[in-house]
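So the structure is just underneath, and the comments pick up after that.
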Amino acid sequence: MASISPNELAVELLNHCLRGDAWPADVLDSLVEEAIDEDPAFAAPATRALFSVLIERLADLFEPRLCGVYARLFARVIERVRPEIGTAAALAARYDEVRAVRPPAFEPETVLVPSRVTLGADIAVTSLVLDAAKQRFPGARILFAAPAKSWELFEKDPRLTHLPLRYGRGALLRDRLAVFEELREAAAAPGTLVLDPDSRLTQLGLLPVCDARRHHLFESRGFGGDGLETLPALTARWLRQTLGAGEVVPYLHPRYHYEPASTPLVTVSFGVGENPAKRVEDPFEEELLRHLAGLEAQVMVDLGAPGSEEEERVESALGALGETAGRIGVHRGPFASFAALIASSSFYLGYDSAGQHVAAALGVPLLSIFQGMASARMAARWRPDSPGPVTVLHAAEFQDVQDLLGAVRHAIRP
Numbered sequence: 012m013a014s015i016s017p018n019e020l021a022v023e024l025l026n027h028c029l030r031g032d033a034w035p036a037d038v039l040d041s042l043v044e045e046a047i048d049e050d051p052a053f054a055a056p057a058t059r060a061l062f063s064v065l066i067e068r069l070a071d072l073f074e075p076r077l078c079g080v081y082a083r084l085f086a087r088v089i090e091r092v093r094p095e096i097g098t099a100a101a102l103a104a105r106y107d108e109v110r111a112v113r114p115p116a117f118e119p120e121t122v123l124v125p126s127r128v129t130l131g132a133d134i135a136v137t138s139l140v141l142d143a144a145k146q147r148f149p150g151a152r153i154l155f156a157a158p159a160k161s162w163e164l165f166e167k168d169p170r171l172t173h174l175p176l177r178y179g180r181g182a183l184l185r186d187r188l189a190v191f192e193e194l195r196e197a198a199a200a201p202g203t204l205v206l207d208p209d210s211r212l213t214q215l216g217l218l219p220v221c222d223a224r225r226h227h228l229f230e231s232r233g234f235g236g237d238g239l240e241t242l243p244a245l246t247a248r249w250l251r252q253t254l255g256a257g258e259v260v261p262y263l264h265p266r267y268h269y270e271p272a273s274t275p276l277v278t279v280s281f282g283v284g285e286n287p288a289k290r291v292e293d294p295f296e297e298e299l300l301r302h303l304a305g306l307e308a309q310v311m312v313d314l315g316a317p318g319s320e321e322e323e324r325v326e327s328a329l330g331a332l333g334e335t336a337g338r339i340g341v342h343r344g345p346f347a348s349f350a351a352l353i354a355s356s357s358f359y360l361g362y363d364s365a366g367q368h369v370a371a372a373l374g375v376p377l378l379s380i381f382q383g384m385a386s387a388r389m390a391a392r393w394r395p396d397s398p399g400p401v402t403v404l405h406a407a408e409f410q411d412v413q414d415l416l417g418a419v420r421h422a423i424r425p
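Under my numbering, think of the first position of the sequence shown as 12, with each following residue one higher.
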């Protein structure tokens, strides 16, 4: 199948999965073999196709029946790449055990919570798991296994201990599975309970980081069935059923702090979480900044990571404004710093990304523009869940960019 591109292989597998057919084993094996090729020029696009085209699409549909499909498929991937971890059959059988909703069988000395890696999900989902673990097990050590960016959102929480892990969403397949040993070592003690929020670190619960009895998976892709509840609401329900938790809400506790501005402050992010399908085409961002520059309010826009595509877009949009750009401030720094800036603002505006979940957790009035959703259920799951005012505009429901801009201008209330 050397003449077939990785994307074509992934699409063929996806179509079989969506139809409910058995996927061709030779097609999956071909894609995996490319993804573990010693030459990154072959391995990188194949890994990207495996995750972005196939695995993430199965997850984004939030279709309960696809959870088992994913487990059987990716168990085969693990067996091919790391056969010492376990057979596909054993991994899939264990998955069925850990996703069963049940109370813990013991009082843990340590509770290990693996990060979901994406910042928005760590606020909308993982933070509730951390909150419930602190409430239910007041004497236990709460170990948060996370990359640095996620840890920075919670690093001032005195109840949490950080287990630093590296996991890049653009990493090769072998590297994504390499975190297994560190997680298994951290969870090795019999008194350790794993509360898994559907983490990328465990490959959505498939990696056997401990015996199944001690591993509880919140299968966020299937929990809630055909309903349209938000992820924070579903997480809270799972925690009540699993831990008997009381009220739990999304939270963050970064080390950064800004005093509330003396005049209205609007914070803006054009981040899309490395998913370009989430952004609205040009000239949306430029025209939106032009409108914001004319408001009687301070405006701060986040630049994103240094050297990122987001930084390039923001600087391009600001450059097109000419002298007007001087009315807009720019935030440079880690996302946790921008999260603290959102906390001090009177209004937040952005795409479906981490910033909206920060604003929602803090009750900051927000406007979120949704674009490129895989399904209506995906849009419902990721809708910001907040005690404050929330407006969500779906770009696909508008005739064109100017029509959408008109609705955005009307909805902004600094």
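The beta carbon of each residue, even a glycine, is placed where N, CA and C say it ideally should be.
With DSSP run on the structure shown, which of helix, strand or coil describes residue i?
| i | result |
| --- | --- |
| Q413 | helix |
| E183 | The sequence shown places Leu at residue 183, rather than the Glu named in the question. In this structure, L183 counts as coil in the three-state DSSP scheme. |
| T253 | helix |
| G215 | Per the sequence shown, the amino acid found at residue 215 is Leu instead of Gly. Three-state result, L215: coil. |
| T335 | helix |
| L123 | strand |
| C221 | coil |
| T246 | helix |
| E192 | helix |
| K167 | coil |
| I47 | coil |
| S16 | coil |
| A385 | coil |
| V432 | Because the chain is modelled from 12 through 425, residue 432 falls outside the range shown and cannot be assessed. |
| E270 | coil |
| R420 | helix |
| G238 | coil |
| S348 | helix |
| Y106 | helix |
| W162 | helix |
| L263 | coil |
| G374 | coil |
| V22 | helix |
| S397 | coil |
| G31 | coil |
| V112 | coil |
| G366 | helix |
So that I know if they touch, is there some Cβ in chain C lying closer than 8 angstroms to that of residue i?
| i | result |
| --- | --- |
| F229 | Within the model displayed, chain C is absent; a lone protein chain is all it includes. |
Per the DSSP calculation, residue i is bridged to which residue(s)?
| i | result |
| --- | --- |
| T172 | L154 |
| F358 | V277 |
| L206 | H227 |
| S379 | G361 and V403 |
| V341 | V312 |
Since I believe residue j is in contact with residue i (beta carbons under 8 angstroms), could you give me their beta-carbon distance rounded to a whole number of angstroms?
| i | j | result |
| --- | --- | --- |
| R420 | H226 | That belief does not hold up - the Cβ atoms of R420 and H226 are roughly 49 angstroms apart, past 8 angstroms. |
| H342 | L314 | 6 angstroms |
| L130 | S161 | 6 angstroms |
| L430 | P425 | Since the first and last residues shown for the chain are 12 and 425, residue 430 lies out of range. |
| A156 | V124 | 7 angstroms |
| A308 | T274 | 6 angstroms |
| P17 | L42 | 6 angstroms |
| E166 | P265 | 7 angstroms |
| A316 | V310 | Rounded, the Cβ-Cβ distance is 21 angstroms, inconsistent with contact. |
| L254 | A365 | Contact flag wrong, Cβ pair sits at about 26 angstroms. |
| R147 | T241 | Between T241 and R147 the Cβ distance is about 22 angstroms, and since that is not below 8 angstroms, they are no contact. |
| L164 | D133 | 6 angstroms |
| C28 | L77 | 7 angstroms |
| P208 | R127 | 6 angstroms |
| R370 | I353 | Here the sequence assigns Ala to residue 370, which means Arg is not the residue at that position. The pair is a contact, with the Cβ atoms about 5 angstroms apart (cut-off 8 angstroms). |
| A223 | R113 | Not a contact, Cβ separation roughly 11 angstroms. |
Let me know the beta strand (DSSP E) ranges lying completely inside the stretch 281-333, each 3 residues or longer, listed in chain order.
-> Entirely contained in the stretch 281-333, the beta strand (DSSP E) runs reaching 3 residues are, in chain order, 309-313.
Say whether the stretch 255-267 touches the stretch 131-145, bearing in mind that this needs 3 or more beta-carbon pairs closer than 8 angstroms, one atom from each stretch.
-> Yes: the two stretches touch, three or more of their Cβ pairs being nearer than 8 angstroms.
Could you pull out every unbroken alpha helix (DSSP H) segment of at least 4 residues lying fully inside the stretch 49-96, listed in chain order?
-> Here the runs fully enclosed are 51-59, 67-71 and 75-92.
Do three or more CB pairs link the stretch 212-219 to the stretch 69-87 at distances below 8 angstroms?
-> At 8 angstroms Cβ cutoff, the stretches touch.
Is the stretch 188-202 touching the stretch 53-69, taking contact as three or more C-beta pairs under 8 angstroms?
-> No, the stretch 188-202 is not in contact with the stretch 53-69.
When the Cβ atoms of the stretch 289-296 are set against those of the stretch 382-389, are three or more pairs found closer than 8 angstroms?
-> Because the criterion of three Cβ pairs below 8 angstroms is met, the stretch 289-296 and the stretch 382-389 touch.
On the three-pair Cβ rule with 8 angstroms, is the stretch 394-414 touching the stretch 370-379?
-> Yes, they touch.
Taking one C-beta from the stretch 49-60 and one from the stretch 177-189 each time, how about it: are there three or more such pairs within less than 8 angstroms?
-> Touching, yes.
Inter-stretch contact at 8 angstroms, needing at least 3 Cβ pairs: the stretch 201-210 / the stretch 158-174 = The count of Cβ pairs closer than 8 angstroms, one atom from the stretch 201-210 and one from the stretch 158-174, stays below three, leaving the stretches out of contact.
Meets three-Cβ-pair contact criterion under 8 angstroms: the stretch 276-283 and the stretch 356-370 | Yes: the two stretches touch, three or more of their Cβ pairs being nearer than 8 angstroms.
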